[in-house]
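Reviewing the structure listed below.
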Amino acid sequence: MTQQKILSLNRLSKQFGTVVANDAVDLDLHKGEVLALLGENGAGKTTLMNMLFGHYLPDSGSIDVAGEDGVMQPLALGHPQAALRAGIGMVHQHFTLAENLSALDNILLGSEKLKSLRRDRARLRARVEGIMARSGLTAPLDELVGKLSVGERQRVEILKALFRDARILVLDEPTAVLTPQEADTLFENIGMMTKDGLSVIFISHKLREVLAFSSRIAVLRHGVKVGEMATSDADQKAIARMMVGADTPEASREIIAPGAPVLKMKGVSLKGQSDRDTLTDVSLTVHANEIVGIAGVSGNGQSALAAALSGMRHPDSGTITVEGVDVTRAEPLAMIRAHVGRIPEDRHHDGMVGAMSVAENMVIERLWDDEFQSRGFLKNEAIASHAERLSKAYDVRGPGIEAKAQLLSGGNIQKLILARVFEQNPRLILANQPVRGLDMGAAEEVRRRLLEARDGGAGVMLISEDLDEILGLADRILVIHSGEVHEIMTRDRSQIGLMMAGEPA
Amino acid sequence: MIDILHILISESFWIASLRIATPLIFGVLGALLCEKSGVLNLGIEGIFVAGAMAGWIAVWLGAGLWGGVLVAAGAGAFFGLIHAILTVPLGLSQHVSGLGVTMFATSVSYFIYRTALPDTTSPPRIEPFQALDIPILSDLPFIGPVLFQQTAMTMLALIMVGVVWYVLDRTALGVAIKAVGDNPDSVDAQGLSVYGLRIGTIMAGSALMALGGAFLTMSAFSSFFFGMVNGRGWICIALVIFASWRPGKALLGALLFGAFDAFQVRLQTEVGAFVPGQVFLMAPYILSIFALVIAARRADYPRALLTPWFKGQR
Numbered sequence: 001m002t003q004q005k006i007l008s009l010n011r012l013s014k015q016f017g018t019v020v021a022n023d024a025v026d027l028d029l030h031k032g033e034v035l036a037l038l039g040e041n042g043a044g045k046t047t048l049m050n051m052l053f054g055h056y057l058p059d060s061g062s063i064d065v066a067g068e069d070g071v072m073q074p075l076a077l078g079h080p081q082a083a084l085r086a087g088i089g090m091v092h093q094h095f096t097l098a099e100n101l102s103a104l105d106n107i108l109l110g111s112e113k114l115k116s117l118r119r120d121r122a123r124l125r126a127r128v129e130g131i132m133a134r135s136g137l138t139a140p141l142d143e144l145v146g147k148l149s150v151g152e153r154q155r156v157e158i159l160k161a162l163f164r165d166a167r168i169l170v171l172d173e174p175t176a177v178l179t180p181q182e183a184d185t186l187f188e189n190i191g192m193m194t195k196d197g198l199s200v201i202f203i204s205h206k207l208r209e210v211l212a213f214s215s216r217i218a219v220l221r222h223g224v225k226v227g228e229m230a231t232s233d234a235d236q237k238a239i240a241r242m243m244v245g246a247d248t249p250e251a252s253r254e255i256i257a258p259g260a261p262v263l264k265m266k267g268v269s270l271k272g273q274s275d276r277d278t279l280t281d282v283s284l285t286v287h288a289n290e291i292v293g294i295a296g297v298s299g300n301g302q303s304a305l306a307a308a309l310s311g312m313r314h315p316d317s318g319t320i321t322v323e324g325v326d327v328t329r330a331e332p333l334a335m336i337r338a339h340v341g342r343i344p345e346d347r348h349h350d351g352m353v354g355a356m357s358v359a360e361n362m363v364i365e366r367l368w369d370d371e372f373q374s375r376g377f378l379k380n381e382a383i384a385s386h387a388e389r390l391s392k393a394y395d396v397r398g399p400g401i402e403a404k405a406q407l408l409s410g411g412n413i414q415k416l417i418l419a420r421v422f423e424q425n426p427r428l429i430l431a432n433q434p435v436r437g438l439d440m441g442a443a444e445e446v447r448r449r450l451l452e453a454r455d456g457g458a459g460v461m462l463i464s465e466d467l468d469e470i471l472g473l474a475d476r477i478l479v480i481h482s483g484e485v486h487e488i489m490t491r492d493r494s495q496i497g498l499m500m501a502g503e504p505a
Numbered sequence: 001m002i003d004i005l006h007i008l009i010s011e012s013f014w015i016a017s018l019r020i021a022t023p024l025i026f027g028v029l030g031a032l033l034c035e036k037s038g039v040l041n042l043g044i045e046g047i048f049v050a051g052a053m054a055g056w057i058a059v060w061l062g063a064g065l066w067g068g069v070l071v072a073a074g075a076g077a078f079f080g081l082i083h084a085i086l087t088v089p090l091g092l093s094q095h096v097s098g099l100g101v102t103m104f105a106t107s108v109s110y111f112i113y114r115t116a117l118p119d120t121t122s123p124p125r126i127e128p129f130q131a132l133d134i135p136i137l138s139d140l141p142f143i144g145p146v147l148f149q150q151t152a153m154t155m156l157a158l159i160m161v162g163v164v165w166y167v168l169d170r171t172a173l174g175v176a177i178k179a180v181g182d183n184p185d186s187v188d189a190q191g192l193s194v195y196g197l198r199i200g201t202i203m204a205g206s207a208l209m210a211l212g213g214a215f216l217t218m219s220a221f222s223s224f225f226f227g228m229v230n231g232r233g234w235i236c237i238a239l240v241i242f243a244s245w246r247p248g249k250a251l252l253g254a255l256l257f258g259a260f261d262a263f264q265v266r267l268q269t270e271v272g273a274f275v276p277g278q279v280f281l282m283a284p285y286i287l288s289i290f291a292l293v294i295a296a297r298r299a300d301y302p303r304a305l306l307t308p309w310f311k312g313q314r
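Chains A and B, in that order, give the protein sequences. Note that the working numbering numbers the first sequence so that position 285 is 285, with each residue one more than the last. Note that the working numbering numbers the second sequence so that position 189 is 189, with each residue one more than the last.
Set out below in structure tokens:
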């Protein structure tokens, strides 16, 4: 491989308010290389890439990109248009697609002249099809993006970049939403594209895929580049140490015998608006002292399962019982009273009321409790002291208990929710993607609390798209696909991956 | 019963329906364009007044009828620009800004009118657009009079339905407008200007709204007076939802409302002796609320409607 330099970031810095997101970061990229940008959440990976693509204007530093002739030239900062012209394409973690347009129109958006009265879709379409054939990426071009699967949307995003002649492709957590097989295919395609001279930077915090698919690794911590190495020289432990600054304490999971059944679902069916939120004849049991992992790719019925167990939606048929009490048609409040603790998937939206204070959010599920109200009037002192105590116990850090909850960071919001849930000694804990988007420290805290609750006699249902998380925590594993749930005996990654993709293993 | 049938098959009823619908067609197309780009424009009611005023006074000052149309469109675009600056780069509440523009545009129009004509009690009349009366076509049975005994502005309104449809559905610009109304990030990531697209679309939409107002003074009443817009702008906002943001359905909605209105006037003369007149005046509004309730349930809102977008915040 020729080691021709194609991109260099020079001492880029960016500050948001008092938070330093990037501090004098240097980074080089060579032609045909796959560079993995590794780091915890909040390490500044995405900020760095957003500066490269012109979404953010750096406070200081510069960027040089090789032109078509290979000569390095400075890039105008803060202009996506300039980045696009320089051959930089970015696939964001949150896709930037218009759902009301077809895949083809999304790809063409911005590359046609706005003043032209006619469109030359046939010719442009042929070009897109050529790119699909060369890269191995395929997507249904005429379908509205709103109807595409997540994997397809991602391919449309990459095609968008390739259509604009990207020579440098930036992928922000590309595998977060894919099945293991889809992810492998994606990296295969990336391999094909790099042979054509494309250079790739991908952001990830999954060590496994970084080690398997990158050619070089750069590690960021707290906005500073703390290490860089060829992937062939890297070992997992060393990188993990670099990311967090210390050895990661692994959650140790003792095997303990499960107790009596806590949750029983029998033949539960729930028809949603699409296949993505449908359950079909789901029967399962969660025992006390047991963590049951629900593995699956997002959009296979997890949201319907979580909604049914939190009382947000009611099954069309079948029964749900918690500790022998029928809660099939229970409302959310009745679920709370049946000792079901809920850690929702979208913690910002469903887990708290952002405009209310931290203290209020901590008692929001217990407002009827005599501890916090008397004849309908809130006991503010009791609420405040309760919040002070929980903030300490669960290490919720932020501007204080009277501050609006939306001012907390993602990790602290999750700790707030943990505090609220675990304080009520729930019998069943519904944890939906509990560590997604959290940094290693906060994620470890969540895992520890879940294990602690299990040891204390609660039953835990852990819904996750991250197989490693399930393998690390769950006593028993179920796979959810297209609204159907199947128990599996194996703990073999690739076999579970196949089942997550709907293949009989 | 016979009377109602009699009304429905009369030419004059359909001529009136299309005439009443014309300002609504302009208005609903304008509102639809703005909302397709993600911005609600409640300035519409005031922009109607401004268009009515500007077109009329331009003709009165000797600009000629089509000159008046251009001046009206320009006035609409100007107030659209105010709304656009407040809601797009500044990201203020689209409701508050829109209502503000309505009050501002209305007052400025009345102010200019009073300054120009301090003493008149009866405003001067202009020579309005006349019925087209195209030979042969106008003589076609039924269709002829209904379509071709209208003025040029009604023709323009019908043509604009096609133009707006073509732009939104068949051009790269339309794709970009729809994208910015669904997910501004998609437009930004492809290097197009979110602000530029939205501001331009709002100005174009507001110009269309102003033509709706201009029709009132330059085609329907040939003069300007206070309160003449009389809620037509608000009706357009409702009709956009009824139309599910589609130009063809917008035309249908405007025609339906026009027909309700024309029908109630005629029904009033038929059975006015038994039923109070106010009931008939309410009828079109009540019927449009019902139509809205049915249509809005299936409405497919532009996803980014009402959500301000700021550069560099993702």
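Backbone N, C-alpha and C define an ideal beta-carbon position, used for all residues, glycine too. Fair warning: this is a prediction, and the values are worked out from it, not measured in the lab.
Discussion item. Restricting to runs no shorter than 4 residues, where is the alpha helix (DSSP H) found entirely within the stretch 323-356 of chain A?
Written reply: 332-337, 347-350
inquiry  = I believe A/H287 touches A/G39 by the beta-carbon criterion, under 8 Å. Please report the beta-carbon distance rounded to the nearest angstrom.
reply    = With a Cβ gap of about 38 Å, A/H287 and A/G39 do not count as contacting.
Practice item. Taking the CB atoms as reference points, tell me whether A/E33 and A/S232 lie closer together than 7 Å. Key: no
* To do: Please list, in chain order, all residues of the same chain as A/R127 whose beta carbon is under 8 Å from its beta carbon, the five residues on each side excluded.
  => Result list for A/R127: F163, in chain order.
Problem set entry | Listed by chain order, chain B residues near A/A98 by CB distance under 7 Å | K178, A179, D182, N183, S186
- Task: Return no unless some Cβ of chain B is closer than 7 Å to the Cβ of A/G89.
- Result: no
Per-residue DSSP class, three states only, for A/K266
strand
Could you compute how far the alpha carbon of A/P74 sits from the alpha carbon of A/L48?
17 Å
Within the stretch 61-101 of chain B, ranges of the alpha helix (DSSP H) (whole runs, at least 4 residues): 65-87
Taking a contact to mean a Cβ-Cβ separation below 7 Å, would you say B/V164 touches B/L29 in this structure? yes
- Message: Would A/D247 pass as an interface residue toward chain B - the criterion being a Cβ-Cβ separation below 7 Å?
- Response: At A/D247 the pLDDT is 47, less than 50, meaning the model places this residue with poor confidence and gives no usable figure here.
Can you look up A/M90 in the DSSP assignment and give me helix, strand or coil? strand
One question on the structure: do B/M53 and B/F260 come within less than 7 Å of each other, judged by their Cβ atoms?
no
Is A/L407 close to chain B, meaning its C-beta is less than 7 Å from at least one C-beta of that chain? no
- request: Report all residues from its chain with a CB closer than 6 Å to the CB of A/M90; omit the five preceding and five following residues, and keep chain order.
  value: Scanning its chain for C-beta atoms nearer than 6 Å, with the 5 sequence neighbours on each side dropped, one finds around A/M90 the residues F53, V170, in chain order.
inquiry  = Please tell me whether B/S138 and B/F148 are closer than 7 Å, where the distance is taken between their beta carbons.
reply    = yes
message: Am I right that A/V292 and A/L430 are in contact with their C-beta atoms under 8 Å? What's the rounded C-beta distance?
response: Rounded, the Cβ-Cβ distance is 11 Å, inconsistent with contact.
*Three-state secondary structure (DSSP) at A/H30?*
strand
Query raised in the report: According to DSSP, is B/L267 helix, strand or coil?
Result: helix
Query - Inter-stretch contact (C-beta, 8 Å, three-pair minimum) for the stretch 339-356 of chain A and the stretch 396-405 of chain A - result: Remark: three or more beta-carbon pairs, one from each stretch, lie closer than 8 Å, so the stretch 339-356 of chain A and the stretch 396-405 of chain A are flagged as touching.
Between A/H94, A/A76, A/S310, which has its C-alpha nearest A/L57's C-alpha?
A/A76
Closer than 7 Å to chain B by CB, A/L367 = no
Q | B/R246: contacting residues in chain A (beta-carbon distance under 7 Å) | A | Under the 7 Å cutoff, chain A gives no residues; its nearest Cβ is about 12 Å from B/R246.
Q: Leaving aside the five residues before and after A/E423 along the sequence, list all residues of the same chain whose C-beta is less than 7 Å from its C-beta, in chain order.
A: L390
Determine the contact status of A/T46 and B/S186, defining contact as a CB-CB distance below 7 Å.
Going by C-beta atoms, A/T46 is not nearer than 7 Å to B/S186.
| With burial defined as no fewer than 16 other Cβ atoms inside 10 Å of the residue's Cβ, what is the status of B/P247: buried or exposed? | With 16 or more other Cβ atoms within 10 Å, it is buried.
Residues of chain A with a CB under 7 Å from the CB of B/G318: which are they? Limits of chain B in this structure are 1 at one end and 314 at the other, which puts residue 318 of chain B out of reach.
Query raised in the report: Which residue's Cα is closest to the Cα of B/P308: B/E127, B/S109, B/D182?
Result: B/D182
Which residues mark the beginning and the end of the beta strand (DSSP E) in which A/R11 is found? 5-16
- Query: Does B/A299 get closer than 7 Å to chain A when you measure Cβ to Cβ?
  - Reply: no
Requested in this report: Determine the chain B residues that contact A/L101 at a beta-carbon separation under 9 Å, and present them in chain order.
Outcome: V175, K178, A179, D182, S186
| Name the chain B residues whose beta carbon is nearer than 7 Å to that of A/L144? | Here the premise fails: no neighbours, minimum Cβ distance about 10 Å.
Identify whether B/V279 lies in helix, strand or coil by the three-state DSSP scheme.
helix
Open item on the list: Give me the DSSP bridge partner(s) of A/H486.
Closed with: A/V479
message = Along the chain, where does the beta strand (DSSP E) containing A/K271 start, and where does it finish?
response = Careful: A/K271 lies outside any beta strand (DSSP E) and carries neither H nor E.
So within the stretch 58-136 of chain A, which uninterrupted alpha helix (DSSP H) runs reach at least 4 residues, ignoring any that extend past its ends?
80-85, 103-108, 121-135
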